[in-house]
Every structure is written in structure tokens, then in C-alpha cells.
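If you count the sequence shown from 1, you need to add 120 to reach the numbering used here. A quick write-up on the structure given underneath.
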Amino acid sequence: LIFTKIFPDIMKGIIHEMWGMRGIIFNFAISDLKIRYRNSFLGVLWSLVEPLLLLGVLFFVFSTMFKTETPNFPIYLLVGIITWNFFKNGTTIALSSLKNRSSIMTQIYFPRSVPGISAGITASIMLLTEIMVLVFFMVWLEFIPPITMLFLPLVLLLEFVLIIGISLPLSVLNVKYKDIEFIWGIALQAGFFLTPIFYQFEMLPESIRQILQFSPMVQIITMAHHVTLYGQIPSFNSLLYAVVSTLMIVGIGYLIFRKLQLRIVEEI
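Next up, the structure:
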């Protein structure tokens, strides 16, 4: 009951900060993108190469060593990789977003949520380049997506909200506790195998599905697969689990952020 009362204020605060500081958020996002690919030969093209390399490795493994009967497996695999990369990139960039701007924070004031939010924008820009890869493969494989693919942006929007909800507490926790970066790296590795990126969720034992169904990323990737490949609108249960769990994470994450961000300059 308390959560339902404070959550609208939390979302209103986040949206207000995003709109009010949209200029600096966008500048930070572009800066994060430049830093990420600084001194690399391919630069931002790595956003195209990375999912292709992972696609090639996983496709080889599951089409030769471990036979899979998943229809349109290359598209299925690529949708899962792109959706997961969106989450991984956004939260990983957010980890060091405050640390990387420690010198600026001591000189000028801006809401401490801006670097974490800009990390989500950076990941969104990278997502757009990866979607170009998806479109290319659909054309190459002569795959005609169903009309339900129009729901994919809404699924990705929900994922963006989840990314922001996790990025804000991660950005401040990584300043206060130095082990967070390593812990989150392990969590991402585990999450990659616990989400239906290269397998179908129904393949898991019932006991495991009962637990993983509450994971927002499991539901988001499943919905992305369904709307892109199978012409299925997300079920009520999938939407319920995904939306409720995402909103809870956003609310709890923002409360953690609000508590720790007060002394962030001293911690840095």
C-alpha cells in the first residue's frame, strides 16, 4: 500500500529530471559513447560487430554441437542477443557513470541521477545500430515479420524503464562499495544463461520456470521473441509479471539512490 502511494511521485521525479536536464543527459550519452569506443579501430561499428560475433558463436554451437529445433533460430537468437545487450550495455555503462564524472561533480551541480539516466540513452543509441543488424538478417533470410512486431518498441520501452531503475542505484552503490562492479559482472553472466536468449523458456523444468517467471528480463525477452517471430501479443500474465516486477525494481532502486546520493561527492 505504501509503495503504491509513493511510486507515482518516484516516476514523476524521474520524468521531471529527464525532461528538465534533457540537454545535459544527451551530451553525457554522446560522451559515454565516445569514451566507450575511444582508440578502437572500428569505433561505434563495434555495436554492429559484437552481436554478430556472439550470434556466430552461439549459432555454430546450437546448430552443430547441440541440435536445436527452434524455428527461425538465427532470428530468434539475434532478437535475444540484441534485447540482452540493451540491458547489459545500459547497466554496465551506468556502473562507472558517476566515477567518470567525479571532477565535474565537484565544479558544477547537476542532479546525480543524470549520469545514470544518460547511460540508458547511450545504450538506446547502441540498440538502434543493433536493430539495423536484425533488419539486415530478416531481409537476407527472407523472413517476413508478423504485424505484432509493431509491439516490439513498447517491449523495449519497458526494458528502458527497467534499465533506469537498476542504473540509478548501481551508479551510487559502485561509488560507495568497490566490489559492486565485480558482483554485477557475475550477475550479468548468470543472467545471460538464465534468460531464454538461445533456448525457449518452455524447455526449462516447471520448477525453475515458476521462479524465473518473476524476472522482468525473462518476460521481456520472451515477449520480444513472441511479437517478432510468432505473431503473438504478450499474454496478460507476461505483461503483469514484467510490469509489476519492473515497477518494483524502479521504486526500490530509486529509494536506494535517493538515500545514497546525498553524500556522493564526499564518497568520490
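Beta carbons are placed, not taken as given, at the ideal position from N, Cα and C, and that holds for glycine. In this text, all values refer to a predicted model and were calculated from it rather than measured experimentally.
Contact between the segment 332–344 and the segment 355–366 is present, with at least three C-beta pairs closer than 8 Å. Collapsing the DSSP output to three states places Phe256 in a helix.
Taking a cut-off of 8 Å for Cβ pairs, the segment 191–199 and the segment 225–244 do not touch, as fewer than three such pairs fall below it.
In the displayed model, Glu262 falls within coil according to three-state DSSP, outside both helix and strand. When the Cα atoms are used, Asn220 and Gly210 turn out to be separated by approximately 15 Å. A straight-line Cα-Cα distance of about 39 Å links Phe302 and Trp260. Around Phe280, the same chain offers Gly240 and Ser244 as residues with beta carbons nearer than 7 Å, after the five sequence neighbours per side are excluded.
Counting every other CB atom within 10 Å of its CB across the protein chains shown gives Pro325 a total below 16, marking it as exposed. In the three-state reduction of the DSSP assignment, Phe318 falls in the coil class, being assigned neither a helical nor a strand state. Shown here, Asn357 sits in a helix according to DSSP, grouped into three states.
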